[in-house]
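**Student:** In UniProt numbering, the protein residues as written are 1 to 589.
(1) Look up residue 467 in the DSSP assignment and say whether it is helix, strand or coil.
(2) Quick one: what does DSSP say residue 427 is sitting in, helix, strand or coil?
(3) Can you find the residues in the same chain that come closer than 8 Å, C-beta to C-beta, to residue 162, ignoring five residues on each side of it along the sequence?
(4) Based on the DSSP output, what are the partners of residue 254 in its beta bridges?
(5) Could you name the residues of the same chain whose beta carbon sits closer than 7 Å to that of residue 167, not counting the 5 residues immediately before and after it, in chain order?
(6) Is there contact here, the stretch 337-348 with the stretch 291-298, by at least three beta-carbon pairs under 8 Å?
(7) Candidates 228, 269 and 227: which alpha carbon is nearest residue 240's?
(8) Assuming residue 219 and residue 262 make a contact with CB atoms under 8 Å, what is their CB distance in whole Å?
(9) Go ahead and label residue 78 buried or exposed: buried means 16 or more other beta carbons lie within 10 angstroms of its beta carbon, across all protein chains shown.
(10) Going by other Cβ atoms of all chains shown within 10 Å of its Cβ, with 16 needed for buried, is residue 465 buried or exposed?
(11) Could you tell me if residue 51 is buried or exposed, where buried requires 16 or more neighbouring beta carbons within 10 angstroms of its beta carbon?
(12) Report the rounded CA-to-CA distance for residue 74 versus residue 543, giving the unit in angstroms.
(13) Out of 127, 399, 440 and 468, state which residue places its alpha-carbon closest to the alpha-carbon of residue 420.
(14) When you compare the CB positions of residue 597 and residue 172, do they come within less than 9 Å of one another, or not?
(15) Taking the continuous alpha helix (DSSP H) assigned at residue 445, which residues delimit it?
(16) Could you name the residues of the same chain whose beta carbon sits closer than 8 Å to that of residue 289, not counting the 5 residues immediately before and after it, in chain order?
(17) Can the beta-carbon of residue 425 be found closer than 9 Å to that of residue 436?
(18) Should residue 66 and residue 129 be called a contact, given that it needs their Cβ atoms to be closer than 9 Å?
(19) Give the secondary structure of residue 240 by DSSP, where H, G and I count as helix, E and B as strand, and everything else as coil.
(20) From the DSSP secondary-structure annotation, give me the bridge partner or partners of residue 418.
(21) Name the DSSP beta bridge partners of residue 176, please?
(22) For residue 368, which option in 88, 356 and 362 has the closest C-alpha, if you only look at C-alpha atoms?
(23) Distance, Cα to Cα, residue 254 vs residue 480?
Structure (structure tokens):
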């Protein structure tokens with residue numbers, strides 16, 4: 001479909017789009033642990049022929065607590081799978097039952113004193129996310145990625161060395177490891193405070209973009225079926241966003257924070273919300289969803305009944321694990337733990353050539369399950385056709401008193417928002433030019449995205465002018481600049497005071513050695529006053545840092561709002577904003 005230029009302008013705030021619209025266009029029933037059989041852990045499995053009883057193929061009792069949603073399996077030597085999880089006191093444990101005679105020790109990695117098959121990695125900070133996978137394409141072994149609220153560590157477990165250690169200003173709430181789009185190497189992609197970053201094995205920042213709110217979950221999935229992975233981002237504003245590298249290509253709104261996502265197959269993926277909802281999407285179409293009074297702690301895609309299609313495995317806060325059909329959401333398997341589930345992963349943990357589903361509880365209980373052994377075209381349009389398309393879009397997306405029919409252009413339609421009473425004006429001229437009038441930048445972005453999706457527009461250039469919003473943004477940028485200056489001044493003052501403290505300590509010690517008690521008392525009094533002053537300055541520095549983070553969040557959100565375009569134009573805006581932001585050229589931002 002080829003249409004004349006479409007132009008959208010704001011009435012009170014000016015938004016202009018000019019574009020040529022180019023193309024509309026057999027189950028295991030033995031418990032096995034070191035060769036012994038048992039009858040514990042009986043689980044239910046429903047197949048087409050009835051309900052089958054299963055038991056775990058192995059069960060482990062690890063003497064370590066496991067943090068929820070921080071479990072992974074990695075082959076750190078390229079051969080042996082190791083269960084890895086974050087535990088208490090800023091540590092990560094690595095369980096490797098295949099190398100019990102090896103003694104590992106380094107600055108970070110320490111062998112457990114009581115368990116020869118567990119090593120502890122000291123992070124010395126509260127771990128916020130964890131992943132394992134192939135990061136260096138020139139090696140055959142996996143790397144361990146550990147994120148905190150201030151840093152990101154990529155660790156080579158086999159060689160006991162850091163691949164890189166990066167400071168992350170926006171924090172790392174979620175991490176995923178894999179290939180993204182046309183990027184030539186695997187990336188460790190983290191999501192934090194409204195920002196997404198991707199690092200290669202050397203710590204180079206090869207991917208960066210912004211999103212609408214704090215990121216809580218990430219996944220890689222071939223969303224559009226082109227054979228390349230897109231990035232799925234779940235955030236606290238209840239939205240699932242899909243990025244094709246830096247480009248936002250789809251957005252789905254849910255009812256709560258998206259806490260977990262997992263790719264299933266093709267363009268299908270599972271998701272979990274903070275209110276106990278789990279479900280499955282195929283692209284932008286939701287297949288099903290269910291809601292529980294318990295919270296979904298972890299989800300994973302695994303073919304448990306060997307039918308060639310992955311089921312959605314969910315670990316719940318009450319200790320239940322269930323598997324649901326990807327098509328209907330029907331439960332076909334369930335088992336129960338004595339405590340909340342921390343994570344669900346998969347791996348050939350017994351090294352027998354069969355992949356097991358591995359479920360971990362927060363108390364350190366690990367069970368592995370074997371899957372069941374069952375055998376298994378467009379044409380040119382004139383202006384009236386364009387108008388009919390717009391009218392069809394209006395009828396599908398707005399509350400109209402009756403079906404609207406347009407005899408001839410121009411035509412104009414006005415809406416009133418039920419939330420804030422604001423007005424929206426849509427005007428179409430005979431030449432195909434469309435004008436939008438609104439003061440709400442988010443509403444304008446939503447309408448542009450909806451219209452572009454409906455008409456299958458790939459590239460849509462936009463010129464926008466929202467005076468009130470941009471004036472507020474300018475004030476925020478000035479505050480960011482001032483916060484940076486205050487931070488620099490406070491840092492310099494702290495350095496000067498540190499030198500002064502050192503000098504006073506020397507003077508006080510000299511007075512003590514010379515038994516000059518009066519001078520010694522004076523020096524220590526001055527030290528006390530100086531220490532109190534430093535504490536007050538530290539509080540000022542903390543408040544300044546908090547204010548800076550809030551303002552930077554506003555800037556990231558502004559860039560994300562303005563980048564809600566289609567194709568290369570949205571990328572140009574985000575890249576330009578980032579370039580100016582990195583070098584602190586705030587007028588350019």
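We treat Cβ as the ideally placed atom computed from N, Cα and C, and that holds for glycine. These numbers were taken from a predicted model, which means no experiment stands behind them.
**Tutor:** Well, looking at it:
(1) helix
(2) strand
(3) 108, 153, 154, 155 and 156
(4) Answer is none; residue 254 lacks a bridge partner.
(5) 150 and 151
(6) yes
(7) 269
(8) 6 Å
(9) exposed
(10) exposed
(11) Any answer about residue 51 is weak, because its pLDDT of 42 lies below 50 and its placement is not dependable; what the coordinates show is given next. Residue 51 should be labelled exposed.
(12) 40 Å
(13) 440
(14) Residue 597 falls outside the range modelled here, since the chain spans only 1 to 589, and no answer is possible.
(15) 441-455
(16) 277, 278, 279, 280 and 329
(17) yes
(18) no
(19) strand
(20) Residue 418 pairs with nothing; no bridge assigned.
(21) 189
(22) 356
(23) 32 Å
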